[in-house]
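Trainee: Residue numbers (this note's numbering): 4 to 142. We put the CB at the ideal spot given by N, CA and C, even for glycine.
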């Protein structure tokens, strides 16, 4: 069980890299995204390059996101970026955060105030949150 804290643009680049580096081709990320402040905090070069790097590694992603301009684009480009997207109204998934659940852990990001994130490396926590995500996904 390990917890690592990341804050600021440089550290958050490492956050995303850490997740990708821990996965293998064919693995999947499941994420919940409150996109309210996403474009204000995440620099365009990063949110454009991360999906490309993920696709190079053949890592798929299932996303449940609030309906915004950026999430509509994610859905439109889904096949190109190995992404399946379900959009929900802000009233059902509000906030300005992201939870990425993957085989070895969970990444949690806040887009409010300071752009910061935490990676929790725990198969047990990942398994529980992945089960919860799948319940939501299938409902």
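Decide if residue 43 is buried, meaning its Cβ has at least 16 other Cβ atoms within 10 Å, or exposed.
Mentor: Exposed.
Trainee: With distances taken from CA atoms, which of 51, 11, 67 and 59 is nearest residue 136?
Mentor: Closest by alpha carbon: 67.
Trainee: Taking the Cβ atom as the reference point for each residue, do residue 10 and residue 119 lie within a distance shorter than 7 Å?
Mentor: Yes, they are a contact pair.
Trainee: According to the Cβ coordinates, are residue 86 and residue 77 closer than 7 Å?
Mentor: Yes, the pair counts as a contact, with Cβ atoms nearer than the cut-off.
Trainee: Check this for me: beta carbons of residue 124 and residue 108, under 7 Å apart or not?
Mentor: Yes.
Trainee: Quick check: does the Cβ of residue 84 come within less than 6 Å of any heavy atom belonging to the ligand HEM?
Mentor: Within the structure as shown, the ligand HEM is missing, as the structure has no ligands at all.
Trainee: Can you name the start and end residues of the beta strand (DSSP E) that residue 94 belongs to?
Mentor: Note, residue 94: premise wrong, no beta strand (DSSP E); not H, not E.
Trainee: Just checking my contact of residue 22 with residue 105 at CB under 8 Å: how many whole Å lie between their CB atoms?
Mentor: Yes, residue 22 and residue 105 are in contact; Cβ-Cβ is about 6 Å, under 8 Å.
Trainee: Is residue 73 near residue 41, with beta carbons less than 7 Å apart?
Mentor: Yes, they are a contact pair.
Trainee: Identify whether residue 32 lies in helix, strand or coil by the three-state DSSP scheme.
Mentor: Residue 32: strand per DSSP, three-state reduction.
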